[in-house]
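Visitor: Residue numbers (our numbering): 73 to 201.
Every residue gets a Cβ at the ideal spot worked out from N, C-alpha and C, and that includes glycine.
#1: Along the chain, where does the beta strand (DSSP E) that runs through residue 106 open and close?
#2: Assuming residue 92 is part of the alpha helix (DSSP H), what are its boundary residues?
#3: Where residue 185 and residue 154 are concerned, what is the direct C-alpha to C-alpha distance, given to the nearest angstrom?
#4: If I follow the unbroken beta strand (DSSP E) through residue 124, where does it start and stop?
#5: Among 159, 200, 142, 194, which has the Cα closest to the Cα of residue 100?
#6: Answer yes or no: do residue 163 and residue 105 have a C-beta to C-beta separation smaller than 8 Å?
#7: Within the present structure, is the beta-carbon of residue 153 separated from the nearest heavy atom of the ligand ADP by less than 7 Å?
#8: Between which residues of its own chain and residue 123 is the CB-CB distance below 8 Å, once the five residues before and five after are set aside?
#9: So residue 196 is in the beta strand (DSSP E); what residue range does that whole segment cover?
#10: Does the Cβ-Cβ distance between residue 138 and residue 174 come in under 8 Å?
#11: With distances taken between CB atoms, is the gap from residue 119 to residue 89 smaller than 8 Å?
#12: Under the rule that 16 or more other beta-carbon atoms within 10 Å means buried, what is residue 108, buried or exposed?
#13: Nearest-angstrom Cα distance between residue 126 and residue 158?
#14: Are there 16 or more other CB atoms within 10 angstroms of the CB of residue 156, so buried, or fewer, so exposed?
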């Protein structure tokens, strides 16, 4: 994916809580997010820049307290070593906003991948909108 000029990215205004999670790598409390139990068909986009990140067809119930996806839209998510040295952080490839963490080898799905994403880092666009 080509590197985007960050001066051309449209950034949405964020609340203080959204800033805490997206800009400062925070985490929302488990089972409190708007999209944890969402079953509608559509696309999840970055709250900060509206870049498409995940398709609802890749969302699954992991019962971890946050929305879980076993795949991302190609090129949409970047993986980085987390500051704690144990986990892998995931960020929006477009604006670098914090999404959550990715875990491998847990066996939840055939893809054996779980993107554990903060609802507050996402907007959901239902199919047809």
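Guide: In brief:
#1: It is not in any beta strand (DSSP E) - residue 106 carries neither H nor E in the DSSP assignment.
#2: 88-94
#3: 17 Å
#4: 124-127
#5: 194
#6: no
#7: The model on display carries no ligand, and the ligand ADP is accordingly not part of it.
#8: 117, 148, 164, 165, 166, 167
#9: 194-198
#10: no
#11: no
#12: buried
#13: 24 Å
#14: exposed
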